[in-house]
Every structure is written in C-alpha cells, then in structure tokens.
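Peer 1: Chains as they are written, first to last, in the numbering used here: chain A, 1 to 152; chain B, 153 to 414.
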C-alpha cells in the first residue's frame, strides 16, 4: 500500500434509522468523486448501510445514543470504521456468534444467518477485503471494514 | 394455533411510554382480553402506547376494530397507539383493510420510540460531519443535509433551500479557508420539527480575514458599504431566518437558522 495522505470523512449521527440513507448516499457520492467506479461505490453503499443498521439496531441502549462513522479514502481502497455506544449482552453475543460462523461450511453459514438475522454482516464480509470486530468495555462495538479497488 | 398473550410494560428507555407485547393470534376471541387490558392500562394514567407485534401470526378485523377503539380513546386524551414490528404479510392485509390510514406503523420498537421522541417530545437531534476542505466535496455534503431534512419530514421547497444554504456556507469555508488545508471543515446540524440550525466552522485564511469581516458587516447590515463579493452570504441571509458570523479565534463560524415553512 502506498504512503499517501488519505481523505478522511467523519460523521456522528443519532442512533436512528432515518439517518442511514443520507449517510450511505453521502459515502457513495464521495467515492465516485474520488474516482472509484459506480460498482465500487454501490457496494460500499451496501457496506455502510449494513454496518450503520447494525450499530443503530443492536449497539444502542439509550435513546440519546449516537453512532460514529469514519470513512478514509485512499487511491486504492476505502476503509470504514463504525463505533457504537454499546448494545445489550444478548445483542453482543449474537454479533460474536455471527462472526464465529465464518469458519463453518457455506451451507451451514447461510442457514445460520437466515435464521439469526446475521445476514447483514455476512454480506459485509463478502464485499470486503478485511473485516474486523472489536468489543470493548461496556459492550462498545467497533467494526472496521476495508474495501479494495478492483480494477487495480 | 398459537394462543394470544398480552403483556403490558413500561418502556425501559422511555418510562412515559407503554409497550403492549402481543404474541399469537389476535382473532375474534381476543377482543375481550384486549379490552380488559386496555381498561387496566387507562388506570395507570399513561396515554401513549406502542403495540409490539413481532410475534403476532394473525389479526382479525374484529381485533383491528378493538385496537382502533383503544386508539380513539387515547387520542381524545392527547395520546396515541402505534404499531411496531408487524410482519409484512399481516401489514399488507391491514393495508387492504385501510388500517394504515388510521394507525402509524413502525418497523421495530426502537424506531417507534424514536418517532415518539421526535413527534411527541419534539426533541432536537444533532449531526456532526467533518470533511476535507475541497470544493469537490461540497455537492455530497449539501445533498447529505438536504436528504436528512427530507427524511425528517421537511418539504421539497424547504430542503432545497437548506441545500442552497449549505452549499453557499461550505463553498465559502473552502474558498476563504486557510491555504495549507490542514484543518477539515466541520458542519454541525441541529434539527427538530420546527427548525434546522446549521453551523459551518473552518480555519480562516489570515490574509482574507479583514475583507471577510468587512463583507459580513455589510451583509449583516452593520455597515452600508457594498462589496462585489459576498453574494453567497447575501443569498444565505435571504433564504434563512437568522444568520450570524463569528470571527473570534483563528476560525470562522457561520451559524444559520432556517425555520420549517411547509
């Protein structure tokens, strides 16, 4: 990876689904402006939608909770990092289980994700080059996704 | 056939809202238990309720009628009954019965609670965005704000004017910002049902700060001299309800308030 100064976009939104469509469109448009093709931009939009939805639905316990998204754009890749303010024990456990399904056979994975609403994360994993989950103190969850430009 | 269960609880997130958890089949025999639970609920002097129906497998027209009656009573007392979490098949059937014209439907409980905070409590919501100081990023930024306004129920005319305000404020921040472009531009939004407040903060170019101060004085009406530049700020002033510019410190802060008209 080249040593370059990336373009960094940071957004903090209330933990509310209303804000997800504007934020995913914003990221898609920024990527197109930076020369990524429409397929890359649309797939990144899907990633942003899924990780934001997870953070809003499962990573927020209080009504004043917020979600932070950082999008870092390099010439050959885009990185997304989303932080929530901590979900319930059950939701964090579900998230962990969904991540653990990575090592299972494909059919078992599909079956698991369809029955456990973990399909969003599986889509993110399929569309990305790197996908990491960190669960910190008070169940604060941080997801980092890297998507690489395909034509390079 | 799954038997009907009704459990009424106060919301943990909003104790002023009651959650009615329904599960099983709401057939014609459910009218009586709904009525009984509703009368008990009224004694608690709470008038805003969310019917959580993610575990409901069937709703009969008589149960819908009973819930409509409950909603009417709550409406008369200044409250409401909304429905959350209903599966698509049942929602489609209720739509055919015309129930979607009467009840507000929400996809899940959290969305219903957020709607309560927005519509009933009328609390404002804050958004913060930081982006690199380049003109190419202004169009997505202005559309981001305009889409938020549309999403929160503002009309097309209002959102277009908001988009114009953001465009002008952000273009100014980029054009008159510090030439080294070391600090990103920050945009703060505070939105509620009646107004949107926009604040754009940037690090100013020290060479331009005096002329910027003079232009802003002219536009804000504290000085009569007219300038060739500064049309953007004049446009913001025309489209908004309040405009304030602060040059304190190294940065410039443009604060705009736009009231919802539609």
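Here a beta-carbon is modelled for each residue, glycine too, at the ideal position from N, C-alpha and C.
1. Counting only beta-carbon atoms, is residue 284 of chain B nearer than 8 Å to chain A?
2. I'd like to know if residue 7 of chain A contacts chain B, where contact means its C-beta is closer than 8 Å to some C-beta of that chain.
3. For the pair the region 41-56 of chain A and the region 8-23 of chain A, tell me if three or more CB-CB distances fall below 8 Å.
4. Assuming residue 414 of chain B contacts residue 344 of chain B (C-beta within less than 8 Å), just tell me the rounded distance between them.
5. The region 166-177 of chain B: which residues have C-beta closer than 8 Å to a C-beta of chain A, in chain order?
6. Determine whether the beta carbon atoms of residue 385 of chain B and residue 361 of chain B lie at a separation below 8 Å.
7. What residue from B/233, B/218, B/172, B/281 has the CA that sits closest to residue 8 of chain A's CA?
8. Buried or exposed: which applies to residue 132 of chain A, given that a residue is buried once 16 or more other Cβ atoms fall within 10 Å of its Cβ?
9. Tell me the rounded alpha-carbon separation between residue 370 of chain B and residue 234 of chain B.
10. Run through chain A and tell me which residues come within less than 9 Å of residue 395 of chain B, C-beta to C-beta.
11. Using the Cα positions of residue 252 of chain B and residue 191 of chain B, report the straight-line distance between them to the nearest angstrom.
12. Using Cβ-Cβ distances below 8 Å, what residues of the region 259-270 of chain B are close to chain A?
13. Could you tell me which of B/206, B/167, B/357 sits nearest to residue 265 of chain B, measuring between CA atoms?
14. Starting from the N-terminal side, write out each stretch of the beta strand (DSSP E) that is 3 residues or longer and does not extend beyond the region 315-360 of chain B.
15. Is the region 30-38 of chain A touching the region 65-83 of chain A, taking contact as three or more C-beta pairs under 8 Å?
16. Is the region 169-183 of chain B in contact with the region 215-222 of chain B, if contact means three or more CB pairs nearer than 8 Å?
17. Should residue 171 of chain B and residue 157 of chain B be called a contact, given that it needs their Cβ atoms to be closer than 8 Å?
18. Residue 209 of chain B to residue 154 of chain B, Cα distance in whole Å?
19. Buried or exposed for residue 404 of chain B, please, with buried defined as at least 16 other CB atoms from any protein chain shown within 10 angstroms of its CB.
20. Between the alpha carbons of residue 291 of chain B and residue 40 of chain A, how many angstroms are there, rounded?
21. List the whole-angstrom C-beta distance separating residue 36 of chain A from residue 149 of chain A, where the pair is believed to meet the contact cut-off of C-beta under 8 Å.
22. For residue 365 of chain B, which residues from the same chain have a beta carbon less than 6 Å from its beta carbon, with the 5 sequence-adjacent residues on both sides left out?
23. Name the two residues that bound the continuous beta strand (DSSP E) containing residue 304 of chain B.
24. In this structure, how does DSSP classify residue 46 of chain A when only helix, strand and coil are distinguished?
25. Could you work out which residues of chain A lie near residue 295 of chain B, taking near to mean beta carbons separated by less than 9 Å?
26. May I ask you to report which of helix, strand or coil DSSP gives residue 179 of chain B?
27. How many Å lie between residue 20 of chain A and residue 206 of chain B at the Cα?
28. Do we get a CB-CB distance below 8 Å when we pair residue 303 of chain B with the residues of chain A?
Peer 2: So, from the data block:
1. Here residue 284 of chain B corresponds to residue number 132 of the second chain, with the count starting at 1. With 8 Å as the cut-off, residue 284 of chain B counts as an interface residue toward chain A.
2. As a first step, residue 7 of chain A is located in the first chain; it is residue number 7 there, counting from the start. For residue 7 of chain A, the answer is yes, since a Cβ of chain B falls inside 8 Å of its Cβ.
3. yes
4. Here residue 414 of chain B refers to the residue found at position 262 of the second chain. Here residue 344 of chain B refers to the residue found at position 192 of the second chain. In fact, because the Cβ distance is near 15 Å, the residues do not count as touching under 8 Å.
5. 166
6. Numbered from 1 along the second chain, position 233 holds the residue referred to as residue 385 of chain B. Numbered from 1 along the second chain, position 209 holds the residue referred to as residue 361 of chain B. Result no, Cβ atoms of residue 385 of chain B and residue 361 of chain B do not sit closer than 8 Å.
7. For the purposes of this step, residue 8 of chain A is taken as residue 8 along the first chain, with counting starting at 1. Looking at the Cα atoms, B/281 is the closest of the given residues.
8. For this step, residue 132 of chain A is matched to residue 132 along the first chain. Looking at its Cβ environment, which holds fewer than 16 other Cβ atoms inside 10 Å, residue 132 of chain A is exposed.
9. For the purposes of this step, residue 370 of chain B is taken as the residue at position 218 of the second chain. For the purposes of this step, residue 234 of chain B is taken as the residue at position 82 of the second chain. C-alpha separation (whole angstroms): 51 Å.
10. Along the second chain, one-based indexing puts residue 395 of chain B at 243. The contacting residues do not exist; residue 395 of chain B stays about 24 Å from chain A at best.
11. Locating residue 252 of chain B in the second chain gives position 100, counting from the first residue. Locating residue 191 of chain B in the second chain gives position 39, counting from the first residue. Between residue 252 of chain B and residue 191 of chain B, the C-alpha separation is close to 24 Å.
12. 259, 260, 262, 263, 265, 266, 269
13. Position 113 of the second chain holds residue 265 of chain B. Ranking the options by Cα distance to residue 265 of chain B, first place goes to B/167.
14. 337-343, 347-355
15. yes
16. yes
17. In the second chain, counting from the first residue as 1, residue 171 of chain B sits at position 19. In the second chain, counting from the first residue as 1, residue 157 of chain B sits at position 5. Cβ distance not < 8 Å, so residue 171 of chain B and residue 157 of chain B don't count as in contact.
18. Taking the second chain and counting its residues from 1, one reaches residue 209 of chain B at position 57. Taking the second chain and counting its residues from 1, one reaches residue 154 of chain B at position 2. Going by the C-alpha atoms only, they are around 8 Å apart.
19. Here residue 404 of chain B refers to the residue found at position 252 of the second chain. Residue 404 of chain B comes out buried.
20. Start at 1 with the first residue of the second chain, and residue 291 of chain B comes out as number 139. Start at 1 with the first residue of the first chain, and residue 40 of chain A comes out as number 40. Taking the straight line joining both Cα atoms gives about 19 Å.
21. Taking the first chain and counting its residues from 1, the one referred to as residue 36 of chain A is at position 36. Taking the first chain and counting its residues from 1, the one referred to as residue 149 of chain A is at position 149. Indeed, because the Cβ distance is near 6 Å, the residues count as touching under 8 Å.
22. Walking along the second chain from the start, residue 365 of chain B turns up at place 213. Cβ within range, chain order: 399.
23. The residue labelled residue 304 of chain B in the question sits at position 152 within the second chain. Here residue 304 of chain B belongs to no beta strand (DSSP E), and DSSP marks it neither H nor E.
24. On the first chain, position 46 is the one that residue 46 of chain A refers to. Here residue 46 of chain A sits in helix by DSSP.
25. In the second chain, the residue the question calls residue 295 of chain B occupies position 143. What residue 295 of chain B touches in chain A: 22, 25, 26, 29.
26. Mapped onto the second chain, residue 179 of chain B falls at position 27. If DSSP states are grouped into helix, strand and coil, residue 179 of chain B belongs with coil.
27. One-based indexing of the first chain puts residue 20 of chain A at position 20. One-based indexing of the second chain puts residue 206 of chain B at position 54. Using only the alpha carbons, I get a separation of about 23 Å.
28. Position 151 of the second chain, counted from the start, is the residue given in the question as residue 303 of chain B. Judged by the 8 Å Cβ criterion, residue 303 of chain B is in contact with chain A.
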